[in-house]
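Engineer: The structure is given below, and queries will be raised subsequently.
Numbering (this note's numbering), first residue to last: 9 to 125.
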């Protein structure tokens, strides 16, 4: 498997913690790469518990949100547990307005996410 460029991975027990390398996820190429790297976690690597830590992310485009929704569908189909954490208030507001807070499980921080997985 190739080394991910857009994400960094860490293990906490049986949970894969994903942090994003880009603070702004806006251009099409990086969004496509990000989507593929996330998809590989469930399609090729068979990860069963994933925490997406948005601590470094300052801005997400609508296309990036679309990739997250696609990823959520893949995760749900494979019965993988997924939790999002450390979402900045201005990004969380977009999740709330678009009702994505109902689609995703969101915790304040990584420790909270790990505690429920």
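Idealized CB from N, CA, C, for every residue including glycine.
Going by DSSP in three states, residue 61 sits in which element: helix, strand or coil?
Structural biologist: strand
Engineer: Which same chain residues end up closer than 6 angstroms to residue 56 when comparing Cβ atoms and leaving out the 5 residues on each side of it in sequence?
Structural biologist: 88
Engineer: Express the C-alpha separation of residue 81 and residue 63 in angstroms, rounding to a whole number.
Structural biologist: 23 angstroms
Engineer: Could you tell me the distance, in whole angstroms, from the CA atom of residue 86 to the CA atom of residue 58?
Structural biologist: 12 angstroms
Engineer: To which residues of the same chain is residue 120 closer than 8 angstroms at the C-beta, ignoring the five residues directly before and after it?
Structural biologist: 93
Engineer: Taking Cβ to Cβ, would you say residue 33 is nearer than 8 angstroms to residue 46?
Structural biologist: no
Engineer: Taking Cβ to Cβ, would you say residue 49 is nearer than 8 angstroms to residue 91?
Structural biologist: Their beta carbons are not under 8 angstroms apart, which means residue 49 does not touch residue 91 by this criterion.
Engineer: Taking C-alpha atoms, which residue in 97, 25, 29, 108 lies nearest to residue 70?
Structural biologist: 108
Engineer: According to DSSP, is residue 20 part of a helix, a strand, or is it coil?
Structural biologist: Here DSSP, grouped into helix, strand and coil, assigns residue 20 to strand.
Engineer: Do you know whose CA, among 30, 40, 61, 35, lies nearest residue 20's CA?
Structural biologist: 61
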